[in-house]
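Asks: Take a look at this one; I'll ask things after.
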Amino acid sequence: MNLIKDLFLYLSAFVPMYILIAFRLIIDLFNDNLSFNVLNTVNLVTLALLIILGILGLFMNIRHSKDVSKEIIILRKQNITDRHFLGYFSLFVLFALQLELSYVSDYCLFILIMIFIGIVYIKNSLYYINPLLNILGYNFYDIIYLEVGSQKKAEGKIFYKGNLVVNKSYLVKFKNDNFAFIDKK
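Structure below.
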């Protein structure tokens with residue numbers, strides 16, 4: 027089950043790119059730069075599925091996660107939202123502007139690149155690199171915290187919509203050290 031959740035998180039990271047590619051494809055179709063053929067139909071259906079799965083996967087991971095909430099006190103925080111997302115946006119530009127998905131070869135290349143990136147993303151727990159969350163208003167923090175009831179300090183990466191306050195306690199759902207959300211319950 028964790029692999030499926032991880033795969034959904036990976037797909038969600040690219041939802042903005044899928045939307046850009048679909049937007050470009052639709053504009054080309056309406057302007058008669060492309061024709062409605064089997065490959066373009068497959069492209070649109072694939073992109074629509076990826077968008078839906080990415081959004082549903084992110085929603086499942088945020089709202090319906092079975093991960094246990096821990097009460098923590100933030101000892102130190104650093105908003106690092108900007109550090110990790112610019113690299114992904116260059117990928118968006120590469121895919122959205124450079125690949126001609128109306129060609130079978132570019133479509134296959136797109137799928138292979140997404141598989142390779144997905145393997146690295148999931149294998150290295152890079153869940154914190156998710157531009158969709160940033161677009162939705164979440165900030166990404168590197169924190170040092172103290173779990174309530176323990177004297178052991180720990181480090182983690184956390185998403186929070188707003189500004190974290192130092193020395194305040196929060197309920198946090200930790201997927202792992204690289205992906206956690208403040209629990210709104």
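Residue numbers for the sequence shown follow the working numbering, so the first one is 27 and each next one is one higher. We put the beta carbon where it would ideally sit given N, CA and C, even for glycine. Quantities reported herein were computed from a predicted structural model and do not represent experimental measurements.
#1: Between which two residues does the alpha helix (DSSP H) holding Y147 run?
#2: Tell me, to the nearest whole angstrom, how far the beta carbon of F166 is from that of M86; I am working on the premise that it is less than 8 Å.
#3: Under 8 Å by Cβ, that's how I've got L73 and A48 pegged, so tell me the actual separation to the nearest angstrom.
#4: Quick one: what's got a C-beta closer than 6 Å to R102's C-beta in the same chain, skipping five residues either side?
#5: Looking only at its own chain, which residues have a Cβ that is under 7 Å from the Cβ of Y36, when we skip the five neighbours before and after it?
#6: What are the start and end residues of each continuous beta strand (DSSP E) run of 3 or more residues lying completely inside the segment 64-111, in chain order?
#7: Considering K183, what are the terminal residues of the beta strand (DSSP E) in which it resides?
#8: Taking only three categories from DSSP, how would you classify S38?
#9: Does the distance from the CB of Q104 to the CB of D168 come in under 8 Å?
#10: CA-CA distance, V94 and P157?
#11: Can you tell me where the alpha helix (DSSP H) holding L159 begins and where it ends?
#12: Taking the C-alpha atoms as reference points, what is the distance between I208 and N57?
#13: I'd like the span of the beta strand (DSSP E) that includes D168, first residue to last.
Replies: Checking against the coordinates, here is how it stands:
#1: Residue numbering aside, residue 147 sits at position 121 when the sequence shown is read from its first letter. Going by DSSP, Y147 is part of the alpha helix (DSSP H) stretching over 130-149.
#2: On the sequence shown, residue 166 is found 140 positions in, with the first residue counted as 1. On the sequence shown, residue 86 is found 60 positions in, with the first residue counted as 1. Rounded, the Cβ-Cβ distance is 20 Å, inconsistent with contact.
#3: The sequence position of residue 73 within the sequence shown is 47, counting from 1. The sequence position of residue 48 within the sequence shown is 22, counting from 1. Yes, L73 and A48 are in contact; Cβ-Cβ is about 4 Å, under 8 Å.
#4: Here residue 102 is taken as the residue at index 76 of the sequence shown, counted from 1. I170.
#5: Mapped onto the sequence shown, residue 36 falls at position 10. In its chain, beyond the 5 residues on either side, G144, Y147, I148 have a beta carbon closer than 7 Å to the beta carbon of Y36.
#6: Correct list: 95-105.
#7: Working through the sequence shown from its first residue, we reach residue 183 at position 157. DSSP places K183 inside the beta strand (DSSP E), whose first and last residues are 179-186.
#8: The residue given as residue 38 occupies position 12 in the sequence shown. In the displayed model, S38 falls within a helix according to three-state DSSP.
#9: Within the sequence shown, the letter at position 78 stands for residue 104. Within the sequence shown, the letter at position 142 stands for residue 168. Yes. Within cutoff.
#10: As a first step, residue 94 is located in the sequence shown; it is residue number 68 there, counting from the start. As a first step, residue 157 is located in the sequence shown; it is residue number 131 there, counting from the start. Approximately 25 Å between the Cα atoms of the pair.
#11: Indexing the sequence shown from 1 puts residue 159 at position 133. Run containing L159: 157-161, per the alpha helix (DSSP H) assignment.
#12: Looking up residue 208 in the sequence shown gives position 182. Looking up residue 57 in the sequence shown gives position 31. So the two alpha carbons sit approximately 45 Å from each other.
#13: If you number the sequence shown from 1, residue 168 lands on position 142. For D168, the uninterrupted beta strand (DSSP E) run begins and ends at 165-173, by DSSP.
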